[in-house]
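The structure appears below as structure tokens.
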Amino acid sequence: MPGKRGSAGGGGGGGGGGGGGSELPGAGAPRQRRRRRKVSCFSSIQLFLVSECALMLAQGTVGAYLVSVLTTLERRFNLQSADVGVIASSFEIGNLALILFVSYFGARGHRPRLIGCGGIVMALGALLSALPEFLTHQYEYESGEIRWGAEGRDVCAANGSTSDEGPDPDLICRNRTATNMMYLLLIGAQVLLGIGATPVQPLGVSYIDDHVRRKDSSLYIGILFTMLVFGPACGFILGSFCTKIYVDAVFIDTSKLDITPDDPRWIGAWWGGFLLCGALLFFSSLPMFGFPQSLPPRPEHAGESEQAMLPERDYERAKPSNGVLRHPLDAENSTTCFQQLRVIPKVTKHLLSNPVFTCIILAACMEIAVVAGFAAFLGKYLEQQFNLTTSSANQLLGMTAIPCACLGIFLGGLLVKKLSLSALGAIRMAMLVNLVSTACYVSFLFLGCDTGPVAGVTVPYGNNSTPTSSLDPYSPCNNNCECQTDSFTPVCGADGVTYLSACFAGCSSTNLSGCSCLSSVPAENATVVPGKCPSPGCEEAFLTFLCVMCVCSMIGAMAQTPSVIILIRTVSPELKSYALGVLFLLLRLLGFIPPPLIFGAGIDSTCLFWSTFCGEQGACALYDNVVYRYLYVSIAIALKSFAFILYTTTWQCLRKNYKRYIKNHEVKPSQDS
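Just so you know, the UniProt record's numbering puts 68 at position 68 of the sequence shown, and the rest follows in order with no gaps.
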């Protein structure tokens, strides 16, 4: 008993001593709790996901907004189409210049802060994009009705009369300018946007993948890319809103204007969207500065090492005695900036020597090439194939294709999570998705409308038996009309033939009657109506096309998340950010830049009639719809087929090494739960 009491007493004394000794730490406990609460506020990967989604949404919005106002910029600053093309591509130039360096060196830095800095730079670029409007003179237009433009009724000027002509064409040509300071400022602003976007995706994806359970990674990444794709829908909606506001609405009384947004002289407030996007980018970047360099580790991360089916790491030192490999850019490995830069080619070679890594990146490039090329001209395709207006085509795309693609990306990530797919399972899913979406593209070959009879282009005027090779839109019935070929305003005649304009139909009245070229119908019925003549069965084909396009957009987008998952599962953990940088670099070099050029050149080769402007060849006024459809869709099918071959090669490489893959690195589904 004494012993017990002594023991108890000793225990009590020890407890008392402990209590006394812990009095100082106890006094600091509230401060420690406050510190923990302060840190925990930004120690949530879910909060980081929300912040990253907001930033990527703003990035996607500003990129699509630029596309929606390119024609407005062209008219506001007298730019040529080639000039606005340079503006649009300047973003890629700024991004390509730094993406490898930011991805590689950013992996060892404070990734959230680098992402935040990138967002601030993007915000600055967006604000600079709006600056030209405030540095130049107010927009001025010629008052009064323009015969050519308001209703698209370019009627015949009988007997060569020019009393009702529009603006002097020579004056228009003299006023065209190739470049100016505003043009250069727009280019510089887009370069800044591209530079700022560099760390957002590669560092954001790698940060998320480092701090979530592997089975949850696909869902998080799927949500991330869903927001990036949803951004363009917001950008086009914002563009349609801003262009309905007059460009100088903040400087003048718009109630005194005698033009409306439907008038071709109207210039919308293109700059407003850039100011709004700049504010969104700035405020969505601020939370990034509150996140730590790395979040507290989760206990379930144990054993979730990455698969590294790579050659020996010849760019690293030998293992130290403790068995831990250091990152090649650690201070102990290299001391100068030049030595650090010399590591990049070795690491790039190290990554590209992995057949799985190389094949999955090239497959992703082919998939993105289809999106970049096919989608870039999809609005134009709908206009030509199904006789839709530009606004109708854009609205349909915004309400169908883009939301379906967002849903597909989200479902792709969700399926990878729910099915607990390994890298091998993810590649099988990508192959299946590719096959189904390719089948949808094949069906597009049979869903379209013919060009139909067009006077002087596909069929001769009236009852003439002119050979097809000798067709000419100018005919004796319109020779004295001084018809213009700088624009295409088609009309449908009572004879069921499409004419390039009311002028080419010989119509001398603005009510589109008395058209002398309609010789096969009575004179009192020789009238035309605006637009092309409808093709039989075209409406049904369009509805079918729209349904298949929704399915194709959703299913095709489901391959995006599995592809990214495969990539980050087949590289060393310390090279994950750099591997994503290589992915985004090649996506831009191979997936975004060449395809629009290839698709555009192919589409131009199907042109039947070119417009002229200032004595030079202008835009295509009329296409051979059948050849257009076959060529346009066939290019997409070829790219999808090449992607399937690359997916198959990736699957073979993974299956060949699957036993080693499971044995060394792959976590079985039961271990993830």
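A virtual CB, placed ideally from N, CA and C, is assigned to each residue, including glycine.
Checklist entry - Can at least three beta-carbon pairs, one atom from the region 539–550 and one from the region 191–198, be found at a separation below 8 Å? => result no
Checklist entry - Going straight from the alpha carbon of isoleucine 360 to that of leucine 646, what length do you get? => result So the alpha carbons of these two residues sit roughly 7 Å apart.
Checklist entry - Taking buried to mean at least 16 other C-beta atoms within 10 Å of its own C-beta, is glutamate 23 buried or exposed? => result At glutamate 23 the pLDDT is 42, less than 50, meaning the model places this residue with poor confidence and gives no usable figure here.
Checklist entry - At what residue ranges does the region 359–445 contain a whole run of the alpha helix (DSSP H), taking only runs of 4 or more? => result As far as the region 359–445 is concerned, its whole alpha helix (DSSP H) runs of at least 4 residues are 378–386, 390–399, 401–418, 423–444.
Checklist entry - Do serine 218 and alanine 364 have their CB atoms nearer than 8 Å? => result no
Next on the checklist: With distance defined between alpha-carbon atoms, name the residue in Cys53, Ser284, Asn625, Thr61 nearest to isoleucine 208.
Outcome noted: Cys53
Checklist entry - Where does tyrosine 139 fall in DSSP's three states? => result coil
Checklist entry - Does the separation of the CB atoms of alanine 526 and alanine 502 fall below 8 Å? => result no
Item to check | Simplified DSSP state of glutamate 501, which is helix, strand or coil | outcome: A quick correction: the sequence has serine, not glutamate, at residue 501. Three-state result, serine 501: coil.
Checklist entry - Using the rule of at least 16 other Cβ atoms within 10 Å of the residue's Cβ for burial, across every protein chain shown, is serine 129 buried or exposed? => result buried
Item to check | Integer-rounded CB distance, given that alanine 58 should sit under 8 Å from leucine 280 | outcome: 4 Å
Item to check | cysteine 533 - DSSP class collapsed to helix/strand/coil | outcome: coil
Next on the checklist: Using only the alpha-carbon positions, how far apart do alanine 369 and glycine 106 sit?
Outcome noted: 28 Å
Checklist entry - Based on Cα-Cα distance, which residue from Leu414, Gly531, Met181, Val200 lies nearest to glutamate 383? => result Taking only the C-alpha atoms, the option nearest glutamate 383 is Gly531.
Checklist entry - Going by Cα to Cα distance, which pick from Met288, Met431, Ile267, Lys640 is closest to leucine 47? => result Met288
Next on the checklist: Just to check my reading of the structure: tyrosine 65 and glycine 196 have Cβ atoms closer than 8 Å, yes? What is that Cβ distance to the nearest angstrom?
Outcome noted: Contact flag wrong, Cβ pair sits at about 15 Å.
Checklist entry - So what's alanine 494 in DSSP terms, helix, strand or just coil? => result coil
Item to check | Where cysteine 550 sits in the DSSP three-state scheme | outcome: helix
Checklist entry - So is cysteine 277 buried or exposed if we call it buried at 16+ other beta carbons inside 10 Å? => result By the 10 Å Cβ count, cysteine 277 comes out buried.
Checklist entry - How long is the line joining the alpha carbons of alanine 559 and cysteine 440, rounded to whole angstroms? => result 15 Å
Next on the checklist: If you measure between the beta carbons of threonine 570 and phenylalanine 357, is that distance less than 8 Å?
Outcome noted: yes
Checklist entry - Is the region 591–607 touching the region 402–409, taking contact as three or more C-beta pairs under 8 Å? => result Segment contact: the region 591–607 against the region 402–409, fewer than three CB-CB distances shorter than 8 Å; contact not assigned.
Checklist entry - How is the alpha helix (DSSP H) around alanine 523 delimited, first residue to last? => result It is not in any alpha helix (DSSP H) - alanine 523 carries neither H nor E in the DSSP assignment.
Checklist entry - If valine 200 and isoleucine 99 are in contact, beta carbons under 8 Å, what's the gap, nearest whole angstrom? => result The Cβ separation is near 10 Å, so there is no contact.
Checklist entry - If we count the other Cβ atoms within 10 Å of its Cβ and call it buried at 16 or more, is glutamine 138 buried or exposed? => result exposed
Checklist entry - What first and last residue would you give for the alpha helix (DSSP H) that runs through phenylalanine 236? => result 214–242
Checklist entry - Among residues of its own chain, excluding the 5 on either side of glutamate 300, which ones have a beta-carbon nearer than 6 Å to its beta-carbon? => result Any answer about glutamate 300 is weak, because its pLDDT of 49 lies below 50 and its placement is not dependable; what the coordinates show is given next. Here the set comprises Arg213.
Checklist entry - Taking the Cβ atom as the reference point for each residue, do cysteine 492 and threonine 485 lie within a distance shorter than 8 Å? => result no
Next on the checklist: Quick check on tryptophan 266: does DSSP put it in helix, strand or coil?
Outcome noted: coil
Checklist entry - Does the beta-carbon distance from lysine 576 to isoleucine 568 come in below 8 Å? => result Against a cut-off of 8 Å, the Cβ pair of isoleucine 568 and lysine 576 comes out as a contact.
Item to check | Three-state secondary structure assigned by DSSP to alanine 455 | outcome: strand
Checklist entry - With C-beta atoms as the reference, is leucine 388 less than 8 Å away from phenylalanine 545? => result no
Next on the checklist: According to DSSP, simplified to helix, strand and coil, what is serine 89?
Outcome noted: In the structure shown, serine 89 sits in a helix (DSSP, three-state: H, G or I).
Checklist entry - Under the rule that 16 or more other beta-carbon atoms within 10 Å means buried, what is methionine 181, buried or exposed? => result exposed
Next on the checklist: Contact defined as beta carbons within less than 8 Å: I believe threonine 348 pairs with valine 582. What is the distance between those atoms, to the nearest angstrom?
Outcome noted: 7 Å
Next on the checklist: So, at 6 Å on beta carbons, what are the nonlocal neighbours of serine 513 in its own chain, with the 5 sequence-adjacent residues on each side left out?
Outcome noted: Thr527
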